[in-house]
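K.L.:
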Amino acid sequence: MALPQAFIDLVNSNEVADSLTARDFHAMAATLNAPTERGPVPIRDLSSMCLSLGLTGGVLSLVAVPLGTDLAPGVPMTLQIKGLLNQILTLVQTDYRLESADVDDPMFGPGCDGLIALGLLSAEGKAALLALGHNRRGAAEVALGRPCTAVECWEACGGDK
527 MALPQAFIDL VNSNEVADSL TARDFHAMAA TLNAPTERGP VPIRDLSSMC
577 LSLGLTGGVL SLVAVPLGTD LAPGVPMTLQ IKGLLNQILT LVQTDYRLES
627 ADVDDPMFGP GCDGLIALGL LSAEGKAALL ALGHNRRGAA EVALGRPCTA
677 VECWEACGGD K
(Lines of atoms letter the chains of each structure in order from A and count residues from 1; the text may use other names and numbers.)
(Lines give C-alpha, C1' and ligand atoms only; values in the text may rest on other atoms or scores of the structure.)
Protein backbone atom coordinates (compact mmCIF):
# COMPACT_ATOMS: atom_id res chain seq x y z
CA MET A 1 0.00 0.00 0.00
CA ALA A 2 1.39 3.38 -0.99
CA LEU A 3 2.18 5.89 1.73
CA PRO A 4 0.24 9.17 1.67
CA GLN A 5 2.18 12.05 0.15
CA ALA A 6 1.62 14.07 3.32
CA PHE A 7 3.61 11.47 5.28
CA ILE A 8 6.39 11.29 2.67
CA ASP A 9 6.69 15.08 2.75
CA LEU A 10 6.71 15.05 6.56
CA VAL A 11 9.53 12.49 6.73
CA ASN A 12 11.63 14.20 4.08
CA SER A 13 11.20 17.69 5.50
CA ASN A 14 11.65 16.69 9.11
CA GLU A 15 14.76 18.10 10.82
CA VAL A 16 15.39 14.67 12.28
CA ALA A 17 15.77 13.14 8.82
CA ASP A 18 18.54 15.60 8.00
CA SER A 19 20.27 15.27 11.35
CA LEU A 20 20.39 11.47 11.41
CA THR A 21 23.80 10.57 10.02
CA ALA A 22 23.13 6.83 9.80
CA ARG A 23 19.48 7.28 8.80
CA ASP A 24 18.24 5.68 12.03
CA PHE A 25 14.66 5.03 10.97
CA HIS A 26 13.67 3.73 14.41
CA ALA A 27 14.69 7.08 15.93
CA MET A 28 12.89 8.90 13.12
CA ALA A 29 9.70 6.91 13.78
CA ALA A 30 9.99 7.59 17.51
CA THR A 31 10.34 11.31 16.83
CA LEU A 32 7.39 11.38 14.43
CA ASN A 33 5.26 9.35 16.86
CA ALA A 34 6.07 11.55 19.88
CA PRO A 35 2.96 13.46 20.99
CA THR A 36 3.54 17.03 19.82
CA GLU A 37 0.22 17.80 18.09
CA ARG A 38 -3.22 18.71 19.43
CA GLY A 39 -5.74 15.93 19.63
CA PRO A 40 -8.70 14.45 21.51
CA VAL A 41 -8.47 14.31 25.30
CA PRO A 42 -9.20 11.10 27.22
CA ILE A 43 -12.42 11.47 29.21
CA ARG A 44 -10.63 10.55 32.46
CA ASP A 45 -8.29 13.56 31.97
CA LEU A 46 -11.20 15.87 31.19
CA SER A 47 -13.14 14.54 34.19
CA SER A 48 -10.15 15.05 36.50
CA MET A 49 -9.67 18.61 35.27
CA CYS A 50 -13.38 19.39 35.77
CA LEU A 51 -13.15 18.04 39.31
CA SER A 52 -10.03 20.09 40.08
CA LEU A 53 -11.61 23.25 38.64
CA GLY A 54 -14.63 22.80 40.89
CA LEU A 55 -16.86 22.52 37.83
CA THR A 56 -18.33 19.18 38.89
CA GLY A 57 -19.30 20.50 42.33
CA GLY A 58 -20.73 23.68 40.84
CA VAL A 59 -22.85 21.74 38.39
CA LEU A 60 -24.09 19.45 41.17
CA SER A 61 -25.14 22.44 43.27
CA LEU A 62 -26.96 24.05 40.34
CA VAL A 63 -28.85 20.87 39.47
CA ALA A 64 -30.52 21.20 42.90
CA VAL A 65 -31.77 24.75 42.16
CA PRO A 66 -35.58 24.77 41.75
CA LEU A 67 -37.08 25.66 38.37
CA GLY A 68 -37.69 29.41 37.96
CA THR A 69 -35.00 30.43 40.45
CA ASP A 70 -32.46 32.90 39.03
CA LEU A 71 -29.06 31.32 38.46
CA ALA A 72 -27.61 34.66 37.44
CA PRO A 73 -29.38 38.01 37.09
CA GLY A 74 -32.14 37.45 34.53
CA VAL A 75 -31.23 33.77 33.93
CA PRO A 76 -33.87 31.53 35.50
CA MET A 77 -33.41 27.79 35.93
CA THR A 78 -35.25 26.04 33.11
CA LEU A 79 -35.73 22.41 32.16
CA GLN A 80 -33.28 22.97 29.29
CA ILE A 81 -30.56 24.27 31.61
CA LYS A 82 -31.22 21.46 34.11
CA GLY A 83 -30.99 18.93 31.26
CA LEU A 84 -27.72 20.45 30.05
CA LEU A 85 -26.26 20.35 33.55
CA ASN A 86 -27.24 16.70 33.96
CA GLN A 87 -25.66 15.93 30.57
CA ILE A 88 -22.42 17.62 31.64
CA LEU A 89 -22.36 15.51 34.80
CA THR A 90 -23.02 12.36 32.82
CA LEU A 91 -20.19 13.11 30.40
CA VAL A 92 -17.53 14.07 32.91
CA GLN A 93 -18.42 11.70 35.75
CA THR A 94 -20.07 8.51 34.65
CA ASP A 95 -20.27 8.09 30.88
CA TYR A 96 -17.24 5.94 30.17
CA ARG A 97 -18.69 4.75 26.87
CA LEU A 98 -16.89 7.78 25.48
CA GLU A 99 -13.14 7.41 25.23
CA SER A 100 -12.20 11.00 24.44
CA ALA A 101 -13.50 14.50 23.94
CA ASP A 102 -12.39 16.84 21.17
CA VAL A 103 -11.70 20.15 22.88
CA ASP A 104 -11.10 21.63 19.41
CA ASP A 105 -14.70 20.90 18.40
CA PRO A 106 -16.29 24.22 17.36
CA MET A 107 -19.02 23.77 20.00
CA PHE A 108 -16.67 23.11 22.94
CA GLY A 109 -15.58 26.74 23.38
CA PRO A 110 -19.11 28.20 23.27
CA GLY A 111 -20.21 25.47 25.71
CA CYS A 112 -17.50 26.66 28.09
CA ASP A 113 -18.65 30.26 27.54
CA GLY A 114 -22.15 29.23 28.66
CA LEU A 115 -20.70 27.72 31.83
CA ILE A 116 -18.75 30.94 32.39
CA ALA A 117 -21.98 32.95 32.03
CA LEU A 118 -23.59 30.76 34.70
CA GLY A 119 -20.64 31.36 37.01
CA LEU A 120 -19.58 27.70 36.92
CA LEU A 121 -16.32 28.16 35.05
CA SER A 122 -13.73 30.93 34.87
CA ALA A 123 -11.95 32.11 31.74
CA GLU A 124 -8.79 30.58 33.21
CA GLY A 125 -10.64 27.29 33.66
CA LYS A 126 -11.73 27.37 30.02
CA ALA A 127 -8.13 28.00 28.96
CA ALA A 128 -7.00 25.04 31.10
CA LEU A 129 -9.62 22.76 29.53
CA LEU A 130 -8.62 23.84 26.02
CA ALA A 131 -4.94 23.32 26.88
CA LEU A 132 -5.66 19.65 27.62
CA GLY A 133 -5.63 19.10 23.85
CA HIS A 134 -1.92 19.91 23.53
CA ASN A 135 0.60 17.12 22.83
CA ARG A 136 -1.90 14.31 22.30
CA ARG A 137 -0.85 12.97 18.89
CA GLY A 138 2.36 12.60 16.97
CA ALA A 139 3.00 14.22 13.59
CA ALA A 140 2.88 10.76 11.99
CA GLU A 141 -0.61 10.15 13.37
CA VAL A 142 -1.77 13.44 11.91
CA ALA A 143 -0.38 12.46 8.48
CA LEU A 144 -1.21 8.72 8.53
CA GLY A 145 -4.07 8.50 10.99
CA ARG A 146 -1.92 6.19 13.15
CA PRO A 147 1.65 5.95 14.43
CA CYS A 148 4.30 5.11 11.84
CA THR A 149 6.92 2.36 11.74
CA ALA A 150 10.63 2.54 10.99
CA VAL A 151 9.98 0.66 7.73
CA GLU A 152 7.50 3.32 6.65
CA CYS A 153 10.08 6.03 7.38
CA TRP A 154 12.63 4.11 5.32
CA GLU A 155 10.13 3.76 2.45
CA ALA A 156 9.22 7.46 2.64
CA CYS A 157 12.91 8.32 2.33
CA GLY A 158 13.16 6.31 -0.88
CA GLY A 159 13.96 2.85 0.46
CA ASP A 160 16.94 1.30 -1.39
CA LYS A 161 17.23 4.13 -3.92
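Per our numbering, the very first residue in the sequence shown carries number 527; after that it's consecutive. C-beta: ideal position from N, C-alpha, C; glycine also.
Under three-state DSSP, which class holds E625?
P.N.:
By 1-based counting over the sequence shown, the position of residue 625 is 99. Here E625 sits in coil by DSSP.
K.L.:
Work out the CA separation of T562 and E678 for me, nearest whole Å.
P.N.:
Position 152 of the sequence shown holds residue 678. Position 36 of the sequence shown holds residue 562. E678 and T562: Cα-Cα distance of roughly 19 Å.
K.L.:
Starting from L597, trace the beta strand (DSSP E) in both directions and tell me its first and last residue.
P.N.:
For this step, residue 597 is matched to residue 71 along the sequence shown. Start and end: D596 to A598.
K.L.:
Does the distance from the CB of R564 to the CB of R662 come in under 9 Å?
P.N.:
Indexing the sequence shown from 1 puts residue 564 at position 38. Indexing the sequence shown from 1 puts residue 662 at position 136. Cβ atoms of R564 and R662: closer than 9 Å.
K.L.:
Three or more C-beta pairs under 8 Å: does that hold for the stretch 585-604 against the stretch 625-633?
P.N.:
Too few Cβ pairs lie closer than 8 Å, so no.
K.L.:
What are the boundary residues of the alpha helix (DSSP H) that includes P636?
P.N.:
Taking the sequence shown and counting its residues from 1, one reaches residue 636 at position 110. Here the alpha helix (DSSP H) through P636 covers F634 to A643.
K.L.:
Mind pulling the alpha helix (DSSP H) runs of 4 or more residues that sit fully within the stretch 542-585?
P.N.:
Taking only runs of at least 4 residues, the alpha helix (DSSP H) segments lying wholly in the stretch 542-585 are 551-559 and 569-578.
K.L.:
Please state whether DSSP places G664 in a helix, a strand or coil.
P.N.:
To locate residue 664, count along the sequence shown from 1; it is residue 138. Three-state result, G664: strand.
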